[in-house]
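In this note's numbering, the protein residues as written are 8 to 356.
Positions of the beta carbon are idealized from the N, C-alpha and C atoms, including for glycine.
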Amino acid sequence: MSTRRATISDVAREAGVSPSTASVVFSGKTPTSEATRARVLAAAQTLGYTGPDPRAASLRRGRSGIVGVVFDQHLGTAFLDPVTTHMMDGLADGVSRLGAALLLLRDDGETVSEPSLHTAPIDAAVLIGCSPRMRDSLEIVRSRGIPVVVVEGDAGDGIPRVLLDNTDAQSAAARHLADLGHHDVVLVTLPIDMSRRRGWIAADDVVRVDVTADRLAGARRVFPDAPALAAATSSIDEGAIAGRTIFADADRRPTAIIAQSDLLAAGVIRAAEEAGLRVPEDVSVTGFDGVVVDGLAPHVLTTLVQPATAKGRAAGDAVAAMLEDAVPSGLELECAFREGTTTAPPRTT
């Protein structure tokens, strides 16, 4: 069986139009009749043609000089988290030797915009996490022959990954609380799936986001029965919403909260103080990330400090290696536990 990739000329021949007309349909730069557009798209589907091949452009004028960075959430929301900013700084450093620019793309299954992961003239793609939605799109990217690197996610065999020791790191925070004498602990997690719904995580819920699942597993190594409450995103407001839910019943308040990000932890602390609780005298709180959070003073958060900039740089180095026909190595990075002032032995009654 031939494995030759279908070309725009093949599509034109199948649709009974000229190659220039077929090209116009895919570029969208010049209007065409609905009938012509329908014939071209039907022919493309029959032949398995997914769009212009970036490598063809490379033969004509060299690489595009663009690396696509794909997020599965609104970009404005993503960049509210300082971890994203630090990671992007490192990624830019990593691809700098290529002279490449970064193109930010959103692939959440809802937003329809151009350029997209399917059509953008990119030399390589970096997927931030690998959600179920991104896994669906991954095959399209691979069919275009575009190198892909995943940051903190699993896209399957053959895809370089930059990983963080999320499970072991979260276990370190949990062990710290256990060593202090805590038993009644609640977990506040990052989103568990693409729906980003808030609420308690049931025993039969499937956690589809790798980072969330790994950190949840790490905490439950130490506190296997700890209830977990999912937030809609990593933000102070979401942490406050979770905290208000947890502290609503004055007779059933935990002595410690393990939050899966520093922003969530800051929100939990805000909610605790609203409920008249002192941190850490009445409730201990841990975070994850090691970023500067405005408004957290005078508290110094007990947290895991992750190498966010190094994580981005590792992804950039892997992209550069693939584009230079070298073998990339997926790097596993480690967090450092940092004890602050937000944890203490549980209150005595």
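How about the segment 241–258 and the segment 266–279: do they share at least three Cβ pairs that are nearer than 8 Å? With the cut-off at 8 Å, the segment 241–258 and the segment 266–279 touch.
Do you know offhand how far T91's Cα is from L197's? Their backbone Cα atoms lie some 14 Å apart in a straight line.
Do the segment 248–268 and the segment 172–188 meet, that is, are 3 or more Cβ pairs less than 8 Å apart? Yes, since at least three Cβ pairs between the segment 248–268 and the segment 172–188 fall closer than 8 Å, the two stretches touch.
Buried versus exposed call for G297 [16 or more other C-beta atoms within 10 Å across all chains shown]: Counting the other CB atoms within 10 Å of its CB gives G297 a total of 16 or more, which places it among the buried residues.
Option in S40, T57, A45, P38 with minimal Cα separation from I15: For I15, the nearest C-alpha among the options comes from T57.
From the DSSP output, in three-state form, read off A233 for me. In this structure, A233 counts as coil in the three-state DSSP scheme.
Local Cβ density within 10 Å of S178, reported as buried at 16 or more and exposed below that: Note on S178: 16 or more other CB atoms within 10 angstroms of its CB, so buried under the neighbour-count rule.
Considering only the beta carbon of each residue, do A249 and L236 sit closer than 7 Å? In this structure, L236 lies closer than 7 Å to A249 by Cβ.
First and last residue of the uninterrupted alpha helix (DSSP H) at T91: Its alpha helix (DSSP H) spans residues 89–101.
In or out: Q52 buried (at least 16 other Cβ within 10 Å) or exposed? Classification of Q52: exposed, given that the 10 Å Cβ count is below 16.
Just how far apart, CA to CA, sit E314 and C342? This sequence places Pro at residue 314; Glu is not what is there. Whole-angstrom Cα-Cα distance: 7 Å.
For G75 versus A132, is the C-beta distance shorter than 7 Å? Between G75 and A132, the C-beta spacing is below 7 Å.
With H, G and I counted as helix, E and B as strand and the rest as coil, what does DSSP make of R345? Correct three-state label for R345: strand.
Does the contact criterion of 3 or more C-beta pairs under 8 Å hold for the segment 305–314 versus the segment 322–333? Result no; under three Cβ-Cβ pairs closer than 8 Å.
Within 10 angstroms of the Cβ of A317, are there 16 or more other Cβ atoms? Answer buried if so, exposed if not. Around the beta carbon of A317, a 10 Å sphere encloses 16 or more other beta carbons of the protein chains shown; the residue is thus reported as buried.
Starting from G246, trace the beta strand (DSSP E) both ways and give me its first and last residue. No beta strand (DSSP E) contains G246, which is instead part of the alpha helix (DSSP H) from 243–253.
Just to confirm before moving on: does the CB-CB distance between I73 and A108 stay below 7 Å? In this structure, I73 sits near A108, with a CB-CB distance shorter than 7 Å.
Would you identify the three-state DSSP class for S382, choosing helix, strand or coil? Since the first residue shown for the chain is 8 and the last is 356, residue 382 is missing from the structure and cannot be characterised.
Could you have a look at T53 and say whether DSSP puts it in helix, strand or coil? When secondary structure is reduced to three states using DSSP, T53 falls in the helix class.
I need the boundaries of the beta strand (DSSP E) containing G75, first residue and last residue. Boundaries of the beta strand (DSSP E) around G75: 73–78.
Just to confirm, are A226 and A181 a CB contact at a threshold of 7 Å? Yes.
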